[in-house]
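Sequential numbering from 1 applies to the sequence shown in UniProt numbering.
All residues carry an ideal CB built from backbone N, CA and C; glycine is no exception.
Worksheet: one structure, shown below.
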Amino acid sequence: MSEDTDGKHGVQSMEVGMSILRAMVDGQRSMMLKDIAAAAGMPASKAHRYLVSLIRAGLVEQDPMSSRYDLGPFALNVGLVALDRLDRVRLGLNAIAELRDEINQTTALAVWGDRGPVVVRWERPRRPITVNVITGTVLELLSSATGRVFAAWMPRKVVAPLLAAEMKAPDLPPELKSKAGVEALLADVRARGFATTDGFHKVPGVTAAAVPVFNFRNEITMALLAVGVQGMLDTSADGLEVSHLRRHAEALSLRLGATGEPKPPQ
Numbered sequence: 001m002s003e004d005t006d007g008k009h010g011v012q013s014m015e016v017g018m019s020i021l022r023a024m025v026d027g028q029r030s031m032m033l034k035d036i037a038a039a040a041g042m043p044a045s046k047a048h049r050y051l052v053s054l055i056r057a058g059l060v061e062q063d064p065m066s067s068r069y070d071l072g073p074f075a076l077n078v079g080l081v082a083l084d085r086l087d088r089v090r091l092g093l094n095a096i097a098e099l100r101d102e103i104n105q106t107t108a109l110a111v112w113g114d115r116g117p118v119v120v121r122w123e124r125p126r127r128p129i130t131v132n133v134i135t136g137t138v139l140e141l142l143s144s145a146t147g148r149v150f151a152a153w154m155p156r157k158v159v160a161p162l163l164a165a166e167m168k169a170p171d172l173p174p175e176l177k178s179k180a181g182v183e184a185l186l187a188d189v190r191a192r193g194f195a196t197t198d199g200f201h202k203v204p205g206v207t208a209a210a211v212p213v214f215n216f217r218n219e220i221t222m223a224l225l226a227v228g229v230q231g232m233l234d235t236s237a238d239g240l241e242v243s244h245l246r247r248h249a250e251a252l253s254l255r256l257g258a259t260g261e262p263k264p265p266q
């Protein structure tokens with residue numbers, strides 16, 4: 001069978017072309033012909049022939065100044081469409097179900113709504129004493145771990161009015177009643193990569209930990225959280241609950257196309 005003929009097992013030339021694209025994706029930067037050929041495991045002359053066709057299809061483009069190759073506009077469009085079609089909530093629901101089984105704590109998934117973070121689903125653990133989370137609950141930004149995660153990474157213009165209103169609440173700790181105190185809290189959340197309400201929660205005796213999930217724009221898109229009885233849920237950075245939360249959030253972010261550092265709030 002020739003390289004460009006197809007059979008019942010597929011089109012070999014298509015598979016070769018995809019191997020070149022895969023090499024370019026794995027390279028994570030624009031590449032010279034020799035580097036693409038080496039990564040794809042083929043002679044440079046063969047790789048060049050395929051690159052010419054990929055350029056014509058818009059999947060690859062070449063910089064005329066440096067002669068380096070990179071993904072083209074059609075390849076980028078394909079990637080963005082694929083990401084847009086991902087059901088992020090479905091992926092998040094799978095994650096909190098697995099997370100519940102791993103840590104045996106109440107777990108939940110939250111997204112940003114019109115008035116702040118909203119719980120879209122929660123999973124009950126298998127233990128006699130549990131903390132229930134009501135689906136549809138809108139969480140406050142300063143008194144919930146999930147709210148703190150969203151406040152730390154959402155655009156400032158979005159969260160500023162909500163934060164200003166919450167700072168007037170009489171039951172807030174003194175350090176959260178000033179703009180400087182709130183900014184210090186959110187900076188700490190960004191530095192640690194997660195938020196907790198170990199010492200302060202709207203419901204006495206309840207503690208929680210939350211981690212952000214980022215999309216292909218490196219913007220926060222969801223939050224995973226674990227909620228439990230104070231003293232029965234470890235909110236330390238290297239504890240079981242936070243470690244598993246972070247692992248699932250990182251896997252989800254990667255699945256949704258996040259790369260590099262999260263986008264800082266503007």
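- Message: Three Cβ pairs or more, each shorter than 8 angstroms: is that satisfied between the stretch 115-125 and the stretch 179-188?
- Response: In short, these stretches do not touch, since the Cβ pair count stays below three.
- In this structure, what does DSSP give as the bridge partners for M222? Answer by DSSP bridge pairing, in chain order: V213.
- Query: With distances taken from CA atoms, which of P204, V229, N77, F194 is nearest G171?
  - Reply: Note that residue 171 corresponds to Asp in the displayed sequence, not to Gly. Across the set P204, V229, N77, F194, the C-alpha of P204 shows the shortest separation from the C-alpha of D171.
- Task: Report the partner residues of V60 according to the DSSP bridge assignment.
- Result: V60 pairs with L71.
- Task: May I ask you to report which of helix, strand or coil DSSP gives E3?
- Result: Bear in mind that a pLDDT of 45 at E3, under 50, signals an unreliable position, so the number given afterwards is only what the model happens to contain. Coil.
- Message: Does the stretch 57-70 come into contact with the stretch 20-36, if we say contact requires no fewer than three beta-carbon pairs (one atom in each stretch) closer than 8 angstroms?
- Response: By the Cβ criterion, the stretch 57-70 is in contact with the stretch 20-36, since at least three pairs of Cβ atoms, one from each stretch, lie closer than 8 angstroms.
- Apart from the five residues on each side of it in sequence, which residues of its chain come closer than 8 angstroms, Cβ to Cβ, to T35? In the sequence as presented, Thr is not what sits at residue 35; that position holds Asp. So the list reads G27, once near-sequence residues are dropped.
- Query: Start and end of the beta strand (DSSP E) containing E123?
  - Reply: For E123, the enclosing beta strand (DSSP E) covers residues 116-123.
- Query: Cα-Cα, which of A169, S143, L176, V131 is closest to V229?
  - Reply: Per the Cα distances, V131.
- Segment contact flag, the stretch 159-179 with the stretch 228-243, C-beta cutoff 8 angstroms, min 3 pairs: The stretch 228-243 and the stretch 159-179 do not touch, with fewer than three beta-carbon pairs separated by less than 8 angstroms.
- Helix, strand or coil at V131 according to DSSP, with G and I counted as helix: Correct three-state label for V131: coil.
- As assigned by DSSP and simplified to three states, the class of G228: Of the three classes helix, strand and coil, the one that applies to G228 here is strand, per DSSP.
- Task: Starting from the Cα of W153, find the closest Cα among P125, A223, G92, S143 and give me that residue.
- Result: Measuring from the Cα of W153, the nearest candidate turns out to be A223.
- Query: In the structure shown, what three-state DSSP assignment does L186 receive?
  - Reply: When secondary structure is reduced to three states using DSSP, L186 falls in the helix class.
- Item | Through-space distance from F194 to I55, alpha-carbon basis | Here the C-alpha atom of I55 lies approximately 43 angstroms from the C-alpha atom of F194.
- Query: How many Å lie between L109 and A165 at the Cα?
  - Reply: Roughly 25 angstroms between the two C-alpha positions.
- Message: I'd like to confirm the pairing. Which residues does DSSP put opposite W112 in its beta bridges?
- Response: Under DSSP, W112 takes part in a beta bridge, and its partners are P117.
- Message: Taking 8 angstroms as the cut-off, does the stretch 89-108 touch the stretch 248-263 (at least 3 CB pairs, one atom from each stretch)?
- Response: Because the criterion of three Cβ pairs below 8 angstroms is met, the stretch 248-263 and the stretch 89-108 touch.
- Query: Distance, Cα to Cα, T197 vs V78?
  - Reply: As the crow flies, the alpha-carbon of T197 is around 41 angstroms from that of V78.
- For the alpha helix (DSSP H) that contains D101, what are its first and last residues? D101 -> alpha helix (DSSP H) spans 88-103.
- Query: Do the CB positions of H244 and A95 come within less than 7 angstroms of each other?
  - Reply: Annotated as distal: H244 and A95, with beta-carbon spacing of 7 angstroms or more.
- Message: Rounded to the nearest angstrom, what separates G136 and R121 at their Cα positions?
- Response: Using only the alpha carbons, I get a separation of about 8 angstroms.
- Message: Can you list, in chain order, the residues of its chain with a C-beta nearer than 6 angstroms to that of V138? Leave out the 5 residues immediately preceding and following it.
- Response: A distance below 6 angstroms between beta-carbons, with the five flanking residues on each side excluded, links V138 to the following residues of its chain, in chain order: R115, G116, V118.
- Query: If we cut at 7 angstroms on Cβ distances, does G17 have a partner in chain B?
  - Reply: Among the protein chains of the structure shown there is no chain B, as only one such chain exists.
- Going straight from the alpha carbon of T207 to that of L33, what length do you get? One Cα belongs to T207, the other to L33, and the distance between them is close to 55 angstroms.
- If you draw a straight line from the C-alpha of L45 to the C-alpha of S19, how long is it? According to the sequence as given, residue 45 is Ser; it is not Leu. Cα to Cα, S45 sits roughly 15 angstroms from S19.
- Exposure label - E261; buried when at least 16 CB within 10 Å: With fewer than 16 other Cβ atoms within 10 Å, it is exposed.
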